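Asker: Here you go, one structure.
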Amino acid sequence: MNTPSLLGSPALPPHGKRGPWLRKHADYQRVYKSSRKQFSPSMAYFSSVRVPGTSKAPAPAGPRVGLTAGKVLGNAVQRNRIKRRMREAVRHHVALLQSDIDVILHPRKSVLTIEFGRLDAEVERIFASVQQGCAGNSTRPQAPSPRREN
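In my numbering, the protein residues as written are 3 to 152.
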């Protein structure tokens, strides 16, 4: 039931019941295997276009984002604070991702101390570049690789 809440926004997020988040270990592994690690100033990220029929359970339409925060980032309080900051930045910019794409963000410890505006702008840049890369791959035909003659 998608009824408006008291604040005027839908009671459920637009990406389904649980929001635009990667939840299953198998989904994380699929993204890691099908993409290359890319870097930005305060995080690393992976992205992969979801192909229908590749998983056992049907995935919801739209983009999904996964966050990781390993013990190397600090104690539980610090890791949770990093994840809260990252979730808020993702919430602001997930609309930039228009296609069925999965993105995993690996923050660095610096995410804990940088200004939120810088973190927000960085997530926006990452999502814009991921979407541009996704759009570029789907519209541009793949040229055959040149063969080496012996």
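Don't be surprised by glycine CBs; every beta carbon is placed ideally from N, CA and C.
Quick caveat, the model's predicted, so the values are computed rather than measured.
Taking 7 Å as the limit between beta carbons, can you name the residues of its chain near R87, skipping five residues before and five after?
Answerer: Counting from one through the sequence shown, the residue named residue 87 turns up at place 85. So the list reads V113, F118 and L121, once near-sequence residues are dropped.
Asker: Thinking just about the alpha-carbon of each residue, which of P109, V67, S50 and G72 is nearest to the one in H94?
Answerer: Counted from its first residue, the sequence shown places residue 94 at position 92. Selected option, being the one with the closest Cα: V67.
Asker: Under the three-state reduction of DSSP, which class applies to L99: helix, strand or coil?
Answerer: Numbered from its first residue, the sequence shown carries residue 99 at position 97. Three-state result, L99: coil.
Asker: Specify the secondary structure class of G135 as computed by DSSP and reduced to three states.
Answerer: For this step, residue 135 is matched to residue 133 along the sequence shown. Helix at G135.
Asker: Counting only runs that start and end within the segment 34 to 99, where is the alpha helix (DSSP H) found for 4 or more residues in a row?
Answerer: For the segment 34 to 99, whole alpha helix (DSSP H) runs of length 4 or above, ordered along the chain, are 78 to 95.
Asker: Quick check on this structure: which residue in V105, I116, T115 and K111 has the alpha carbon closest to the alpha carbon of Q133?
Answerer: One-based indexing of the sequence shown puts residue 133 at position 131. Of the listed residues, the one whose Cα sits closest to Q133 is V105.
Asker: Taking all protein chains shown into account, do 16 or more other C-beta atoms lie within 10 angstroms of the C-beta of Y34, making it buried, or fewer, making it exposed?
Answerer: Counted from its first residue, the sequence shown places residue 34 at position 32. Answer is exposed; the Cβ neighbour count stays below 16.
Asker: Which term fits V74, buried or exposed, when burial requires 16 or more other beta carbons within 10 angstroms of its beta carbon?
Answerer: Along the sequence shown, one-based indexing puts residue 74 at 72. Counting Cβ neighbours within 10 Å, V74 comes out exposed, since fewer than 16 surround it.
Asker: Report yes if the CB atom of I128 is closer than 8 Å to the CB atom of S44, and no otherwise.
Answerer: By one-based count along the sequence shown, residue 128 stands at place 126. By one-based count along the sequence shown, residue 44 stands at place 42. No. Outside cutoff.
Asker: Quick one, which of A63, L69, V53 and L24 has its alpha-carbon nearest R89's?
Answerer: Indexing the sequence shown from 1 puts residue 89 at position 87. Here the closest residue by C-alpha is L69.
Asker: Should V79 be labelled buried (16 or more other beta-carbon atoms within 10 Å of its own) or exposed?
Answerer: Here residue 79 refers to the residue found at position 77 of the sequence shown. V79 comes out exposed.
Asker: To the nearest angstrom, report how far apart D102 and P62 are at their CA atoms.
Answerer: Numbered from its first residue, the sequence shown carries residue 102 at position 100. Numbered from its first residue, the sequence shown carries residue 62 at position 60. Each residue's alpha carbon lies about 9 Å from the other.
Asker: For Q100 and N77, what's the separation of their Cα atoms in angstroms?
Answerer: Against the sequence shown, residue 100 aligns to sequence position 98. Against the sequence shown, residue 77 aligns to sequence position 75. Distance between the alpha carbons of Q100 and N77: 35 Å.
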